[in-house]
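Line order of the protein sequences matches chains A and B.
If you count the first sequence from 1, position 211 lands on 211 in my numbering, and the numbers rise without skipping.
If you count the second sequence from 1, position 116 lands on 1116 in my numbering, and the numbers rise without skipping.
Take a look at the structure below.
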Amino acid sequence: MTPLLEVSGVSKRFGGLLAVSDVSFSLGEREILGLIGPNGAGKTTLFNVVNGVYKGDKGTVKFAGEDITKCSPNQVVHLGLARTHQIVKPLQDMTVLENVTVGACFGREYLALKPARKVALEVLERVGLAKSAEMSARSLTIAGKKRLEVARALAARPKLLLLDEVLAGLNPTEITHMIGIVRDIRDSGISVFMIEHVMQAIMSLSDRIVVLSFGQKLAEGRPEEVARDPQVIEAYLGDPDIAEKLKENN
Amino acid sequence: MILRRPVFWLILIFAALMAFIPFHANDVSMREDLILVAIAVILASNLNLMIGYTGYVNFGHIVFYGLGGYVGLYLATVRNWNLVPASLAAGVVVSLFALMLGMGILRLRGAYFALATIGVLLAVQSFVANFDPWGRSTGLYVDFSAYERLGGARHALWMTYFLVIGVMALSMILSLGIKISKFGLGLFAIREDEDAAVVLGVNTTVFKAIIYSVSAFLPAVAGALMFYKNGMIDPSIAFEFMLSLEGIVMLMLGGKGTVVGAALGGGLYEKLRSYLLTSPKLSNFQLVIAGGLLLLVVLFAPGGLIGWLYRLVPRARKVIE
């Protein structure tokens, strides 16, 4: 089976900084792939290269069999690859419903206004924002804005959803709710590629995890394998033997 | 559907009254007042497509009006075209010019775009002032006999008046049509956050170029009609920077982003301006008033008159678009 997303040998340089260096991985249908790594590891840059916000210096990105390396973000959405932003970007002076309608109108199916509004209402129901549909996006709480990001991306009816830290800044109840939403998304047949710092959540959600550190892929595998990988532990904690030492001390 | 919008019918009634009342009263000075109001509404409405809908401040919007005047007058006088086809051709030519120009300068954002539009205005003005076929700095004149073809000067003046009123109604209907369309939704997304709009799938490059070009069409047609009516055009009256700035004041005063607001601001400001210009004590004072007005609006009512109305009566949002 060909993977849905195939990233091979991607590099991105900003001046003297090699933000992403020769990273390759793939993602299958109906899979949740986690992307973790210390701050500044290049996770968001990798997302930006995948969805076309940045053009990679090297390497190729293939999505659903098509080469999207040179595509712009709006073209990528029509092919079925939608994303959310780590720093939320609501369309402030528009209502929540209008925000999501934009996602549906210019998404994969390029819907007309009326059907787009219908899709938007469905999606809002799904993420639990239906009651706020007529509110202006500006007045949502941070948790609401994160859900709005997800709703807008979902309204595009994507095959693959890139989620950039949708749990950051949420309280435990909100996190539980959002995890439910992500599971529900996957169960509806959409693949998910997500960056997350909330370890417990990403460990329980992901089928596989890719670890980035200083722009390079450090490890890839199932969550429990990755968590035991000495290189990963070193990247996060600075000492590969720290786990052993902690055990001994206990 | 646009026909189901109350504002659509309001626009038609408003335009019909504006056309009928001076004609019925056979009041020429009222007609001359109202034609200026109509021009102000046309300029403010089309500027609104850029500033209010797309979030791109165009300081050089008047360039479309002036160029339209030149192309129209050139075709009507030198090439002996009829007024209506000449005006439409002016609209098409200027729109195409804007489309090409837009592809270039719309890569700029925020203040840089605004600066570029001033550059465009100055560049076009000095080009025209040195362009031989358009009479350099002396400009073009309409030979009086040209009006004979339209059934005499008196008839021609009324005809251009009705045409300008028609263009005014079209400007407002165009604003309304775009506002309630999918295209408009994409523009609003660009206004709110262009980066987010791209990621949501809006082809911002194309959308911006199209709206820039569309916002040029009716002002160019109006320019052709108006300068034909006036009988002459030269670079300093065609590309008056002050009028460009006043267009922004009109828009802010009425309420940017709304169909009625742009028209209301245009109409009110033009009334105020002509009062100030003709009053012996206050003449040449209108720019001071314009500046003060702009400051007050920006500071205390950023949504303009219509924004203020929305705050007082939230339900008005559904009717007064």
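Glycine included, C-beta positions come from ideal geometry on N, C-alpha and C.
No experiment lies behind these values; they were computed from the predicted model shown.
Spatial neighbours of residue i in its chain, beta-carbon cut-off 6 Å, leaving aside the 5 residues before and after
| i | result |
| --- | --- |
| ILE1178/B | GLY1184 |
| LYS43/A | LEU35, GLY37, ILE195, LEU212 |
| TYR1147/B | ALA1153, ALA1156 |
| GLY1303/B | GLY1255 |
| LEU1163/B | LEU1225 |
| ARG147/A | VAL127, LEU129 |
| LYS70/A | none |
| TYR1161/B | ARG1031, ILE1035 |
| GLY215/A | LEU18, ALA19, VAL20, SER21, GLY42 |
Residue-chain proximity (residue i, chain A), Cβ-Cβ < 8 Å
| i | result |
| --- | --- |
| GLY1186/B | yes |
| ALA1262/B | no |
| LYS1182/B | yes |
| ALA1189/B | yes |
Own chain residues within Cβ distance below 7 Å of residue i, not counting five before or after
| i | result |
| --- | --- |
| SER213/A | GLY37, PRO38, ALA41, ALA235 |
| GLY1231/B | TYR1141, VAL1142 |
| LEU1150/B | LEU1083, ALA1156, MET1159 |
| ILE153/A | Looking at the sequence provided, one finds Ala at residue 153/A rather than Ile. So the list reads ALA82, ARG83, THR84, GLY103, LEU161, once near-sequence residues are dropped. |
| MET267/A | Absent from the model: residue 267/A. The displayed extent of chain A is 1 to 250, so no value can be given. |
| VAL1221/B | GLY1068, SER1087, LEU1088, ALA1090, GLY1091, VAL1167 |
| VAL1249/B | TYR1269, ALA1290, LEU1293, LEU1294 |
| LYS12/A | ALA19, VAL20, THR45, VAL49, TYR54, GLY56, ASP57 |
| SER1175/B | SER1045, ASN1048, LEU1049, VAL1259, ALA1262 |
| GLY1139/B | MET1232, ILE1233, ASP1234, PRO1235 |
| VAL123/A | VAL100, ALA151, LEU154, ALA155 |
| LEU1034/B | MET1018, PRO1022 |
| ILE1165/B | ALA1015, MET1018, ALA1019, ALA1038 |
| SER1244/B | PHE1059, GLY1060, HIS1061, ILE1062, LEU1121 |
Identified DSSP bridge partners for residue i
| i | result |
| --- | --- |
| GLU220/A | VAL210/A |
| TYR1141/B | MET1232/B |
| ILE195/A | LEU35/A, ASP164/A |
| VAL7/A | PHE25/A, VAL61/A |
| ASP67/A | LYS62/A |
| LEU14/A | Checking the displayed sequence, the identity of residue 14/A turns out to be Phe instead of Leu. Answer is LEU17/A, bridged to PHE14/A. |
| SER136/A | THR95/A |
Cβ-based neighbour list, residue i, same chain, cut-off 8 Å, excluding 5 preceding and 5 following
| i | result |
| --- | --- |
| SER24/A | VAL7, SER8, GLY9, VAL10, GLY59, LYS217 |
| GLU149/A | THR84, HIS85, VAL88, LYS89, PRO90, VAL166 |
| THR2/A | GLY65 |
| MET135/A | THR95, VAL96 |
| VAL1298/B | MET1252 |
is_contact[residue i, chain B] using C-beta, thresh 8 Å
| i | result |
| --- | --- |
| PHE193/A | no |
| GLY107/A | yes |
| GLN86/A | no |
| GLN92/A | yes |
| HIS78/A | yes |
| THR101/A | yes |
| ARG83/A | yes |
| LYS118/A | no |
| LEU168/A | The sequence shown places Ala at residue 168/A, rather than the Leu named in the question. No - not a single Cβ of chain B is within 8 Å of the one on ALA168/A. |
| ARG228/A | no |
| PRO73/A | yes |
| LEU163/A | no |
| ALA112/A | yes |
| ALA151/A | no |
| ALA19/A | no |
| GLU98/A | yes |
| ASN51/A | yes |
| ALA143/A | no |
| ALA156/A | yes |
| LYS89/A | yes |
Near-chain D residues of the stretch 1191-1214 of chain B (beta-carbon distance less than 9 Å), N- to C-terminal order:
Of the chains in the structure shown, none is chain D; the protein chains are A and B.
Counting beta carbon pairs with one atom in the stretch 1038-1048 of chain B and one in the stretch 1168-1176 of chain B, are three or more of them shorter than 8 Å?
These segments touch.
Would the stretch 113-132 of chain A and the stretch 63-81 of chain A be scored as touching if the rule is three or more Cβ pairs under 8 Å?
Here the stretch 113-132 of chain A makes no contact with the stretch 63-81 of chain A; the two share fewer than three CB pairs at distances below 8 Å.
Are there three or more Cβ pairs, one per stretch, closer than 8 Å when the stretch 1061-1080 of chain B is compared with the stretch 1301-1318 of chain B?
By the Cβ criterion, the stretch 1061-1080 of chain B is not in contact with the stretch 1301-1318 of chain B, since fewer than three pairs of Cβ atoms, one from each stretch, lie closer than 8 Å.
Go through the stretch 1059-1104 of chain B residue by residue and report every complete run of the alpha helix (DSSP H) that reaches 4 residues or more, in order.
Secondary structure remark: continuous alpha helix (DSSP H) runs of at least 4 residues inside the stretch 1059-1104 of chain B, in chain order: 1062-1073.
Between the stretch 1258-1269 of chain B and the stretch 1090-1108 of chain B, do three or more beta carbon pairs fall short of 8 Å?
No: fewer than three Cβ pairs fall under 8 Å.
Give, in chain order, every unbroken run of the beta strand (DSSP E) that is at least 3 residues long and sits entirely within the stretch 1173-1243 of chain B.
If we require 3 residues or more, the stretch 1173-1243 of chain B turns out to have no beta strand (DSSP E) run fully inside it.
Does the count of Cβ pairs from the stretch 1105-1123 of chain B and the stretch 1196-1213 of chain B closer than 8 Å reach three?
The stretch 1105-1123 of chain B vs the stretch 1196-1213 of chain B: in contact.
Indicate whether the contact test is met: 3 or more Cβ pairs, each with one atom in the stretch 1185-1202 of chain B and one in the stretch 93-110 of chain A, closer than 8 Å.
Verdict: yes, contact present.
Could you check whether the stretch 1229-1243 of chain B touches the stretch 1006-1022 of chain B, counting it as contact only if at least three pairs of C-beta atoms, one from each stretch, sit closer than 8 Å?
Counting Cβ pairs under 8 Å, fewer than three are found: no touch.
Are there three or more Cβ pairs, one per stretch, closer than 8 Å when the stretch 1057-1067 of chain B is compared with the stretch 1115-1135 of chain B?
Yes, they touch.
What ranges does the beta strand (DSSP E) occupy inside the stretch 81-119 of chain A, keeping only unbroken runs of at least 3 residues that lie completely in it?
Along the length of the stretch 81-119 of chain A, whole beta strand (DSSP E) runs at least 3 residues long occupy 81-83, reported in chain order.
Enumerate, from N- to C-terminal direction, the unbroken alpha helix (DSSP H) stretches of 4 or more residues contained entirely within the stretch 1109-1142 of chain B.
If we require 4 residues or more, the alpha helix (DSSP H) runs fully inside the stretch 1109-1142 of chain B come out as 1110-1128.
Continuous beta strand (DSSP E) assignments of at least 3 residues falling wholly in the stretch 1263-1295 of chain B
Runs found: none.
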